[in-house]
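**Student:** First, the structure itself, so that you have it in front of you.
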Amino acid sequence: MIERFQLAANVLLSRRRNNLVRIDDNVEIDLSYITCAEYHLFIDEKRQAGENRQPDHWKNYRFPPGDARKP
3 MIERFQLAAN VLLSRRRNNL VRIDDNVEID LSYITCAEYH LFIDEKRQAG
53 ENRQPDHWKN YRFPPGDARK P
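Residue numbers (our numbering): 3 to 73.
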């Protein structure tokens with residue numbers, strides 16, 4: 003289950019990277035908010051490095067059920 007979640011979140015993140023808007027030669031921006039699923043990948047990486055970046059309203063190191071695509 004976790005591997006499938008990570009794969010799906012990585013697909014979302016990859017799509018995001020492919021849709022960045024170039025501002026100039028050094029800057030690209032994203033015009034949409036990051037999703038809970040994408041942020042969860044960041045949280046997992048930081049937790050492995052000993053940092054806690056989990057939002058206070060998330061329980062059990064997960065976003066609420068059904069919120070994966072919400073900002």
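We put the CB at the ideal spot given by N, CA and C, even for glycine.
It should be emphasised that the depicted structure is a prediction, and the values quoted were computed from it without experimental measurement.
Using 8 angstroms as the cut-off, can you tell me whether the region 43-50 makes contact with the region 23-34, which would need three or more C-beta pairs spanning the two stretches below that distance?
**Tutor:** no
**Student:** Are Y35 and P73 close, meaning C-beta to C-beta below 8 angstroms?
**Tutor:** Going by C-beta atoms, Y35 is nearer than 8 angstroms to P73.
**Student:** May I ask you to report which of helix, strand or coil DSSP gives K61?
**Tutor:** strand
**Student:** Note down, one range per segment and in chain order, each beta strand (DSSP E) of at least 3 residues found wholly within the region 12-50.
**Tutor:** none
**Student:** Put E1 into one of helix, strand or coil per three-state DSSP.
**Tutor:** Residue coverage of the chain in this structure runs from 3 to 73, which leaves residue 1 outside it and unanswerable.
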